[in-house]
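Asker: Using our numbering, the letters of the sequence shown correspond one by one to residues 22 to 259. Quick reminder that beta carbons are idealized off the backbone N, C-alpha and C, glycines included. Questions regarding the structure given below will be posed in turn.
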Amino acid sequence: MVPEDRKADVIQSMRRYYAARANEYDLVYAKPERQVDIRALQAWLPTQFSGARVLDVAAGTGFWTEHIVPVAREVVLVDAAPETLAIARRRLPPAKSKFVVGDAFHLPSDLGPFDAAFVGFWFSHVPKERRRDFLLGLVGCLRPGGLAVLVDNQYVEGSNHPIGETDEAGNTYQTRQLADGSAHSVLKNFPTSEELGEAVAGLAFETNSWALKYYWVFTFRTARAEAPGTPPAYSSSG
Numbered sequence: 022m023v024p025e026d027r028k029a030d031v032i033q034s035m036r037r038y039y040a041a042r043a044n045e046y047d048l049v050y051a052k053p054e055r056q057v058d059i060r061a062l063q064a065w066l067p068t069q070f071s072g073a074r075v076l077d078v079a080a081g082t083g084f085w086t087e088h089i090v091p092v093a094r095e096v097v098l099v100d101a102a103p104e105t106l107a108i109a110r111r112r113l114p115p116a117k118s119k120f121v122v123g124d125a126f127h128l129p130s131d132l133g134p135f136d137a138a139f140v141g142f143w144f145s146h147v148p149k150e151r152r153r154d155f156l157l158g159l160v161g162c163l164r165p166g167g168l169a170v171l172v173d174n175q176y177v178e179g180s181n182h183p184i185g186e187t188d189e190a191g192n193t194y195q196t197r198q199l200a201d202g203s204a205h206s207v208l209k210n211f212p213t214s215e216e217l218g219e220a221v222a223g224l225a226f227e228t229n230s231w232a233l234k235y236y237w238v239f240t241f242r243t244a245r246a247e248a249p250g251t252p253p254a255y256s257s258s259g
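Take a look at the structure:
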């Protein structure tokens, strides 16, 4: 069992890290070896959100949101760091984008409901003992039958920061250095597809997963309230 004060410290530490990293946030997407995977994801993401009202959780600088906004009806970006959201504001069209400084573990209840949610490179930062709480909050923001799309990192030796620590709950940590020379311990888990399936057990009626070399994708739909066979309110393919 991880002490409550340690859990709070981990989350606060990550908030400070991403706020400090804002101006160099997107450099990770310039790694040459990851370009094929990145292009594949950028082409695939729009197929999932056509016409949808989308919640983008821990949206960061909007690097991935930029490929969702053109096809979506509206995207609401939530992030704990105003510094990264400021970059997203410059990147995205204001007419279809709404920006909210908020906590991914306590998503504002007055924002929904949403047709779909995108969780890009955040689930790996969720402590294992808080995964269920996060997913319950996420599902609570989606309409019945709503789609959730999670994208995150595979661990590839030499491309990812090495794992330097494992805590008593099995969470793993990396030490990352920023351009200013500061070093930060960052919680970064690499869940298996089996773990992802277990995490949404009882919350989802349909799950899919697939893996690229450097990234994984996991999608699920929330349980439907309407009769089986009722078409969704927006289109999704892929």
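Taking the alpha-carbon of glutamate 104 as reference, which of Thr86, Pro148, Glu45 has the nearest alpha-carbon?
Answerer: Looking at the Cα atoms, Glu45 is the closest of the given residues.
Asker: Quick one: is serine 118 buried, meaning 16 or more other Cβ sit within 10 Å of its Cβ, or exposed?
Answerer: With 16 or more Cβ atoms within 10 Å of its Cβ, serine 118 is classed as buried.
Asker: With distances taken between CB atoms, is the gap from leucine 76 to glycine 141 smaller than 9 Å?
Answerer: No, they are not a contact pair.
Asker: Out of Val92, Gly179, Ile59, Leu113, point me to the one whose CA is closest to threonine 68's CA.
Answerer: Ranking Val92, Gly179, Ile59, Leu113 by Cα distance to threonine 68 puts Val92 first.
Asker: What does the alpha-carbon distance come out to for the pair glutamine 33 and leucine 98?
Answerer: Distance between the alpha carbons of glutamine 33 and leucine 98: 20 Å.
Asker: Contact between the stretch 143 to 151 and the stretch 166 to 180 is defined here as three or more beta-carbon pairs at a separation below 8 Å; is this criterion met?
Answerer: Yes: the two stretches touch, three or more of their Cβ pairs being nearer than 8 Å.
Asker: Since threonine 82 and alanine 116 are thought to touch, with beta carbons under 8 Å apart, how far apart are those beta carbons, to the nearest angstrom?
Answerer: Actually they are not in contact, since the Cβ atoms of threonine 82 and alanine 116 sit about 19 Å apart, beyond 8 Å.
Asker: I'd like to check one pair, leucine 199 with alanine 41: are the Cβ atoms closer than 9 Å?
Answerer: Yes.
Asker: Determine the contact status of glycine 167 and arginine 242, defining contact as a CB-CB distance below 9 Å.
Answerer: Contact: yes.
Asker: In the DSSP output, which residue or residues are listed as bridge partners for arginine 242?
Answerer: Answer is Leu168, Glu227.
Asker: Does DSSP classify phenylalanine 144 as helix, strand or coil?
Answerer: Correct three-state label for phenylalanine 144: helix.
Asker: Does DSSP put glycine 185 in a helix, a strand or coil?
Answerer: Reduced to three states, the DSSP call for glycine 185 is strand.
Asker: In terms of residue numbering, what span does the beta strand (DSSP E) encompassing alanine 204 cover?
Answerer: It spans 204 to 208 - the beta strand (DSSP E) in which alanine 204 sits, taken as one unbroken run.
Asker: Of the residues Phe139, Glu150, Glu178, Lys149, which one's Cα is nearest the Cα of leucine 159?
Answerer: Among Phe139, Glu150, Glu178, Lys149, the Cα nearest to that of leucine 159 belongs to Phe139.
Asker: Looking only at C-alpha atoms, which of Glu178, Asp188, Phe226 sits nearest to arginine 55?
Answerer: Ranking the options by Cα distance to arginine 55, first place goes to Glu178.
Asker: Based on DSSP bridge pairs, tell me the residues matched to lysine 119.
Answerer: Val97.
Asker: Below 9 Å between beta carbons: does that hold for histidine 205 and threonine 193?
Answerer: No.
Asker: For alanine 137, which three-state DSSP category applies?
Answerer: Here alanine 137 sits in strand by DSSP.
Asker: Pick out whichever of Val121, Phe239, Val96 has its Cα sitting closest to the Cα of alanine 107.
Answerer: Checked all of Val121, Phe239, Val96; the closest Cα to alanine 107 is Val121.
Asker: If we call anything under 9 Å between Cβ atoms a contact, is alanine 101 one with aspartate 124?
Answerer: Yes, they are a contact pair.
Asker: Between which two residues does the alpha helix (DSSP H) holding threonine 196 run?
Answerer: Where threonine 196 is concerned, there is no enclosing alpha helix (DSSP H), although the beta strand (DSSP E) it sits in stretches over 193 to 198.
Asker: Threonine 86 and valine 78 look like a contact to me (Cβ under 8 Å); what is the Cβ gap, rounded to whole Å?
Answerer: Not really, about 11 Å apart at Cβ, beyond 8 Å.
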